[in-house]
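Colleague:
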Amino acid sequence: MPDQDQSQTTAELRLRALSRWDDEGGAIATPQPLHADVAPFTHAEIVQLRIRAIAVENLLIAVLAEGTDRQRQVARDMAAYIAPRSGFTHHPLTIDAGQHMTSLIERAEHYRTIAS
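In this text, residue positions in the sequence shown follow numbering that gives the first Met the number 0: the first is 0, and each later residue adds one.
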């Protein structure tokens, strides 16, 4: 990629990616439920999702533990950035998501110190 095309800084690219967060994943109201013909999750499917979430969290902790201080700081910055859209009130799940991200980073730092 030519140097002139690299005019956007890392911070600008990160801000662009984060600004899309509010508009994706169902933030837009729809007149009818999405995928109304899809059956609700079964208990077994919910258990499998929980298992997968635990596995992904632990993989993320391992990756962050092996990453650089700068990478962990970027993850902390992103956790601090999570906020409700302008004009909306804080939602407990949004606040919990940021706190959970910070917890994962702290667990990675702990793992890093005991694995060294």
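Idealized CB from N, CA, C, for every residue including glycine. None of these values were measured; they are calculated from a predicted model.
Taking all protein chains shown into account, do 16 or more other C-beta atoms lie within 10 angstroms of the C-beta of LEU48, making it buried, or fewer, making it exposed?
Modeller: For this step, residue 48 is matched to residue 49 along the sequence shown. Exposed: under 16 other Cβ atoms inside 10 Å.
Colleague: So, are the CB atoms of THR101 and ARG75 less than 8 angstroms apart?
Modeller: Residue mapping note: residue 101 aligns to position 102 of the sequence shown, counting from 1. Residue mapping note: residue 75 aligns to position 76 of the sequence shown, counting from 1. Inclusion of THR101 and ARG75 in the CB contact set at 8 angstroms is warranted, their separation being smaller than that value.
Colleague: Is ALA26 helix, strand or coil when you go by DSSP?
Modeller: The residue given as residue 26 occupies position 27 in the sequence shown. The predicted position of ALA26 is uncertain, since its pLDDT is 49 and thus under 50; a value taken from the coordinates is nonetheless stated next. Assignment of ALA26 by DSSP, reduced to helix, strand and coil, places it in the coil class.
Colleague: Taking three-plus beta-carbon pairs below 8 angstroms as touching, is the stretch 97-112 in contact with the stretch 41-61?
Modeller: yes
Colleague: Short check: CB of GLY97 to CB of ALA79, under 8 angstroms?
Modeller: As a working mapping, residue 97 is identified with position 98 in the sequence shown. As a working mapping, residue 79 is identified with position 80 in the sequence shown. Yes.
Colleague: Looking at the secondary structure, which residues open and close the alpha helix (DSSP H) in which GLY97 lies?
Modeller: Indexing the sequence shown from 1 puts residue 97 at position 98. Looking at the DSSP string, the run of the alpha helix (DSSP H) that includes GLY97 is 91-114.
Colleague: What residue range does the alpha helix (DSSP H) around VAL62 cover?
Modeller: For the purposes of this step, residue 62 is identified with residue 63 of the sequence shown, where counting begins at 1. Start and end: 42-65.
Colleague: Measure the alpha-carbon distance for VAL55 versus THR88 and round it to whole angstroms.
Modeller: Along the sequence shown, one-based indexing puts residue 55 at 56. Along the sequence shown, one-based indexing puts residue 88 at 89. When rounded, the distance between both Cα atoms is 29 angstroms.
Colleague: Should LEU63 be labelled buried (16 or more other beta-carbon atoms within 10 Å of its own) or exposed?
Modeller: As a working note, residue 63 is residue 64 in the sequence shown. Taking a 10 Å sphere around the C-beta of LEU63, we find 16 or more other C-beta atoms and assign the residue as buried.
Colleague: Under the three-state reduction of DSSP, which class applies to ASP36: helix, strand or coil?
Modeller: Along the sequence shown, read from residue 1 onward, the residue named residue 36 stands at position 37. In this structure, ASP36 counts as coil in the three-state DSSP scheme.
Colleague: Quick one: residues in its chain with C-beta nearer than 7 angstroms to the C-beta of ILE27, no 5 flanking neighbours on either side, listed in chain order?
Modeller: Numbered from 1 along the sequence shown, position 28 holds the residue referred to as residue 27. Reliability of the predicted coordinates at ILE27 is poor, the pLDDT of 48 falling under 50, and the value obtained from them is presented with this limitation in mind. The answer is none, since no qualifying residue turns up.
Colleague: Using 10 angstroms around the beta-carbon of ALA35, count the other beta-carbons present and answer buried if the total reaches 16, otherwise exposed.
Modeller: On the sequence shown, position 36 is the one that residue 35 refers to. The residue is exposed, with fewer than 16 neighbouring Cβ atoms inside 10 Å.
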